[in-house]
Structures are given as C-alpha cells and as structure tokens.
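Inspection log for the structure reproduced underneath, given as structure tokens.
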Amino acid sequence: MPSLIERIHQVELGNLAQFAHLCQQLDLPYFLMGGSLLGAIRHQGFIPWDDDVDVGLLRADYDQFLAAAPDLLAGSHYFLQTPTSDENYALSYAKLLDRNTYIEEKRNVNNARKGIFIDIFPLDRIPTDIAAQREQLGKFQLLNTRILLQLRYHLMDNPLRKLQSPLKPEQVTAVNELKAQREAVMTQYQGDETLPQVKNLASQYAYDKEIYSVAELTDLTPVPFEQLTVQAPTQYDTILTRLYGDYHQLPPENQQTEKHLDLVIMDNQLFTD
C-alpha cells in the first residue's frame, strides 16, 4: 500500500510532466529550484520525505507562461492558480493544481482553491546596491503581509472562520490593487538588462542564498527526476553549495519529515499520515 507521501509524489510527477510539456510547447526554458533541484541531483528524483516541487522561470518567460498556459490547459484536470485566476489566493507566485485532488496544508488555512500542486516561481532582476535590495524586499514583504491578512490566511483553523461572509466586491478590488502594487515592486528593475542578478523574492531561504546570476539560469542541462527528464541549471553544484553547504550530506533523521501537506483527498478517498 503506497504511503501518503508516495501518493503525493505520483500526482506531483503528473503536474511536473504537464508543466514541462507546456514549457516545451511554448519554447520557454524553466529550471528546478531549491529542494527539487537537490532531490534531482542527490536522489535522481524526490527527496524521499519532501512533499513539494519547485520550478522557476525568468520573469519574461514566466509572464509568457501565465498568459498562454490557461488556454492550453482548457478541458484538462489542471488549474493554473495565480493572484488573478483565484481571487482568494494571496501568494506572489503561481501553482499548477491537480483539480482531481483536494489538500489541507500544515499551518496554512485559507479560502484559496486546493489541490496537489507544484510551485512556479518568477525570477526577477534585483539591484546591485545592498540598500536598494533591502528597500525592495521590505516593500515586497509589507505588501505580501497585507495581502495575506486581507485574504484571511491563518496558521491555525478556527471554527468561526466558516461563519465569515465572503469578501465584498470593494474588498476584492482593494486586495487586487495590493497585488498589483506587489508585482510592480517585484518587477521594478526588469527594464534594466545590465543588472546581472535575479532573485526569487518569495524565497524561504536567507536573501543572499537564492540570488542567481542570469548566466546561471540560462545555461541549462537535462537531469533525471524519477521517470521524467527535466531541466536544471548546469551550475547546480555552485547553486546547491550556496543553498545547503555540503548538500550530499543527509540531514538528521528527526529533520526528515514532510513539511506541507496534512490531508489529501484523491480517488474519492481521504488519506492522512
């Protein structure tokens, strides 16, 4: 009997295959990031206890993907969740959801659409001046926090939450304006092609750890990921060392735990660990 994490992995592989196929159709280069890149290099697939997939595109490619993918997904069981396609979704990046599944995430209670997903991050140009970097990140984080609060994202569920009425039209308009402001902050340096560095501003890592040179993310190589072949930065050793240090070393057993999903419904069955 497959475990919960194995069931999640199988669905996520379908999401990843669909995403890679769309990028191939649109001739858009993408790359594995974070724990998914680590998994591909160290395990040739998922980190056994990791329950998510992270991919990225440079901002111009990301915007093309968001513009074209919904039509290509029409009639499929996938949904491209973005700040505009789901008015209750507060995050600054996209997710590709399997609509045949339902999930509940640990420490993340909200009214956005739910399904087993992969994360799709935009990589934005950043200034070289450290003070300007801090200013951009500070503005992004402030707007992000306001959006999370207004869209009622919580760490814990509350029985009273189900009694709340839906957002009023004027509240939706106000939060959409905040989302537009956040994206403007993220993309404020995109016009300066002399800037050599890009960043995932939504990164959970320390700021300096997930700064990339544009060259690192445009020189890509195929790597195995379970039964798929996907794209990764050719300089993955440099990137993974920057993120994790000695990335070949496994973490202690007490840290080898799933981080994100608490409950999954698929095939008309409910699964929990």
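Residue numbers 3 to 275, in the numbering used here, belong to the letters of the sequence shown in order. C-beta: ideal position from N, C-alpha, C; glycine also.
query	result
Below 8 Å on the Cβ atoms is my contact criterion, and I expect Q190 with Q138 to pass it. Report the Cβ-Cβ distance as a whole number of Å.	7 Å
Classify K97: buried if its beta carbon has 16 or more other beta carbons within 10 angstroms, exposed otherwise.	buried
Skipping 5 residues on each side, what residues in its chain have a beta carbon closer than 7 Å to that of V146?	Looking at the sequence itself, residue 146 is Asn, so the reference to Val does not match. Correct list, in chain order: S94 and R184.
Can you list the beta strand (DSSP E) stretches of 3 or more residues lying completely in the region 43 to 69, in chain order?	56 to 60
If we ignore side chains and look at the alpha-carbon of each, how far apart do L197 and Y207 end up?	22 Å
Under 8 Å between C-beta atoms, does M268 make it to chain D?	Considering every chain present, this structure includes no chain D. It has just one protein chain.
Have a look at F273 and K141 and give me their C-alpha separation to the nearest angstrom.	39 Å
Who are the near neighbours of L180 in its chain, counting only those whose CB is closer than 8 Å to its CB and skipping five residues on each side?	L145, R148, I149 and Q152
Looking only at its chain, what residues have a beta carbon closer than 6 Å to the beta carbon of A204, apart from the 5 residues adjacent to it on each side?	S94 and Y95
Within 10 angstroms of its Cβ, does N17 collect 16 or more other Cβ (buried), or is it exposed?	buried
Is it right to say G37 is buried, meaning 16 or more other beta carbons lie within 10 angstroms of its own, or is it exposed?	buried
In terms of residue numbering, what span does the beta strand (DSSP E) encompassing E106 cover?	Y104 to E107
The alpha helix (DSSP H) with Q20 in it runs from where to where?	L6 to L28
Excluding five sequence neighbours on each side, which residues of the same chain lie with their C-beta closer than 7 Å to the C-beta of A70?	L28
Does DSSP classify P72 as helix, strand or coil?	helix
Under the rule that 16 or more other beta-carbon atoms within 10 Å means buried, what is D131, buried or exposed?	exposed
Just confirm the distance between the C-beta atoms of V266 and I120, as a whole number of angstroms; I'd bet it's less than 8 Å.	Contact flag wrong, Cβ pair sits at about 15 Å.
Would you call the CB atoms of P31 and L222 closer than 8 Å?	yes
Can you tell me which of Y246, L252 and A217 puts its alpha carbon nearest to the alpha carbon of P235?	A217
Identify the continuous beta strand (DSSP E) that holds Q138 and give its terminal residues.	Premise fails: Q138 lies in the alpha helix (DSSP H), I132 to Q152, not in any beta strand (DSSP E).
Keeping to the same chain, check which residues put their C-beta closer than 7 Å to that of I49; ignore five residues upstream and five downstream.	G37, L40 and G41
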